[in-house]
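**Q** Taking this note's numbering, I'd label the letters of the sequence shown as residues 1018 to 1286.
Ideal Cβ positions, reconstructed from N, Cα and C, are used throughout, including at glycine.
Keep in mind it's a predicted model, so treat the numbers as computed, not measured.
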Amino acid sequence: MTTADSAATNEVRPAELTLGEHLAELRTRLLRVVIAVAAGAVVGWFVYEPVLAFVKQPYCNLPSAYRDAQGDCSLVFLRVLEPFGVRAKIALIVGLFLTAPVLFHQVWRFVVPGLTERERRYTLPFVVLSQLMFTLGAAFAYVVIPRGLGFLIGLGGEQVTTLLSVAEYVSFILTTAVAFGLVFEVPLVLVFLAAVGIVSSTQLRRFRPYALVLNAVVAALVTPTADAVTMLFMVAPMAALYEGSILAAWLIERSRRRRATAVAEGTTR
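1) Checking contacts by CB at 8 Å: is Ser1091 closer than that to chain B?
2) Tell me, which residues are paired with Val1093 by DSSP?
3) For Ala1266, is the classification buried or exposed, using 16 other Cβ atoms within 10 angstroms of its Cβ as the cut-off for buried?
4) Might you give, ordered along the chain, the residues of its own chain that have their beta carbon closer than 7 Å to the beta carbon of Phe1250, omitting 5 neighbours on each side?
5) Hey, is the region 1274-1284 in contact with the region 1221-1238, meaning 3+ C-beta pairs nearer than 8 Å?
6) Among Thr1116, Leu1166, Val1252, Phe1127, which one has its Cα closest to the Cα of Leu1017?
7) Helix, strand or coil for Phe1224, going by three-state DSSP, please let me know.
8) What do you get for Val1111, buried or exposed, if any count of 16 or more other CB atoms within 10 angstroms of its CB means buried?
9) Are the CB atoms of Arg1046 and Gln1123 within a distance shorter than 8 Å?
10) Where does Ala1257 land, buried or exposed, given buried means 16+ other C-beta within 10 angstroms?
11) Would Lys1073 and Leu1191 qualify as a contact pair, given that the criterion is a beta-carbon distance under 8 Å?
12) For the alpha helix (DSSP H) that contains Pro1134, what are its first and last residues?
13) For a test of the three-state rule: what should DSSP assign to Val976, helix, strand or coil?
14) Just tell me which of Phe1143, Phe1197, Pro1142, Thr1193 has its CA closest to the CA of Gln1153.
15) Measure the C-alpha to C-alpha separation of Glu1185 and Leu1268 and round it to an integer number of angstroms.
16) Could you spell out where the alpha helix (DSSP H) holding Glu1202 opens and where it closes?
17) Who are the near neighbours of Phe1157 in its chain, counting only those whose CB is closer than 6 Å to its CB and skipping five residues on each side?
18) I need the DSSP call for Val1029, collapsed to helix, strand or coil.
19) Measure from the alpha carbon of Gln1220 to the alpha carbon of each residue in Gly1102, Arg1049, Glu1038, Ile1263, then state which is nearest.
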């Protein structure tokens, strides 16, 4: 075991909670998240119109040949209850986005009892970076989606008129955006695991070939289309983020080694 590992091991961890205490803590955290999301969804309900207009833009920006018979980007409701369902779905997604910091903070607070005092200092960076990475992922999806839409609609051929359902279109856009947002959270999780000493930069480097294959599989599942160019748009940033997590893990380890060396030199004087 290295000096840095010894220093990390010697840090005092809080007493472990019982199963009942863990369940009570989980219930409290979940209740707070539900209340926060519900409050955010109320806001989302009233900003439905501008949000729907924003969600429609990838479709409206396509060439007129890919849109309806008049070249417009109109969407249609196919069932009586669809307007309510679509509005509720948009309200929920807006609520989740607005209260994401609360969600990430509650997740962090749930794992904090098992962390040392030094590890708890990562609370604010974790919450801020979680929101940032999720937003970047969703924004990246918004850039990639138009290409996927054009490809999918183009498969119908020239003899077919495009008439998209609001419910299916909104689900497609929001599901893709959320999936991209979650994928962009993976590097942050890896950095957190490195910060608490569960994984190392060496382990991440050794896993790199498997990570690239896994990235390709995830890209194939998440991207709207299966064409190589669109998948490359997803694989490239995922690979870059993985390399970034390796660098961050290495910097954390270097800081830990320097701190352990300083402690060792102080005790020998």
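**A** Here's the rundown:
1) No chain B appears in the structure shown, which is made up of a single protein chain.
2) In the sequence shown, the residue the question calls residue 1093 occupies position 76. In the DSSP output, where bridge partners are listed per residue, Val1093 has Ser1182.
3) Position 249 of the sequence shown, counting from 1, holds the residue named residue 1266. Burial is judged here by how many other beta carbons sit within 10 angstroms of a residue's own beta carbon; Ala1266 has at least 16 and is buried.
4) Counting from one through the sequence shown, the residue named residue 1250 turns up at place 233. Closer than 7 Å at the Cβ level, and outside the excluded window around Phe1250, lie Val1161.
5) With a cut-off of 8 Å, the region 1221-1238 and the region 1274-1284 do not count as touching, because too few Cβ pairs lie within range.
6) Since the first residue shown for the chain is 1018 and the last is 1286, residue 1017 is missing from the structure and cannot be characterised.
7) Against the sequence shown, residue 1224 aligns to sequence position 207. Correct three-state label for Phe1224: coil.
8) If you number the sequence shown from 1, residue 1111 lands on position 94. The C-beta of Val1111 has 16 or more other C-beta atoms within 10 Å across all chains shown, which makes the residue buried.
9) Taking the sequence shown and counting its residues from 1, the one referred to as residue 1123 is at position 106. Taking the sequence shown and counting its residues from 1, the one referred to as residue 1046 is at position 29. For Gln1123 and Arg1046, yes; Cβs fall inside 8 Å.
10) Position 240 of the sequence shown, counted from the first residue, corresponds to residue 1257. Per the 10 Å Cβ criterion, exposed.
11) As a working mapping, residue 1073 is identified with position 56 in the sequence shown. As a working mapping, residue 1191 is identified with position 174 in the sequence shown. Result no, Cβ atoms of Lys1073 and Leu1191 do not sit closer than 8 Å.
12) Sequence index remark: in the sequence shown, residue 1134 carries index 117 (1-based). Before going on, a small fix: residue 1134 reads as Glu here, not Pro. Judged by DSSP secondary structure, Glu1134 falls outside any alpha helix (DSSP H); it is assigned neither H nor E.
13) Coverage of the chain is limited to positions 1018 through 1286, which leaves residue 976 absent and any answer about it impossible.
14) Here residue 1153 refers to the residue found at position 136 when the sequence shown is read from its first residue. The sequence shown places Leu at residue 1153, not Gln. Ranking the options by Cα distance to Leu1153, first place goes to Phe1197.
15) For this step, residue 1185 is matched to residue 168 along the sequence shown. For this step, residue 1268 is matched to residue 251 along the sequence shown. When the Cα atoms are used, Glu1185 and Leu1268 turn out to be separated by approximately 45 Å.
16) Counting from 1 along the sequence shown, the entry for residue 1202 is found at position 185. Where Glu1202 is concerned, there is no enclosing alpha helix (DSSP H), given that its DSSP letter is neither H nor E.
17) As a working note, residue 1157 is residue 140 in the sequence shown. Excluding sequence neighbours, Phe1157 sits near Phe1197.
18) Mapped onto the sequence shown, residue 1029 falls at position 12. Annotation note: pLDDT 47 at Val1029 (below 50); position unreliable, no value reported.
19) Numbered from 1 along the sequence shown, position 203 holds the residue referred to as residue 1220. Residue Ile1263 is the option with its Cα nearest to Gln1220.
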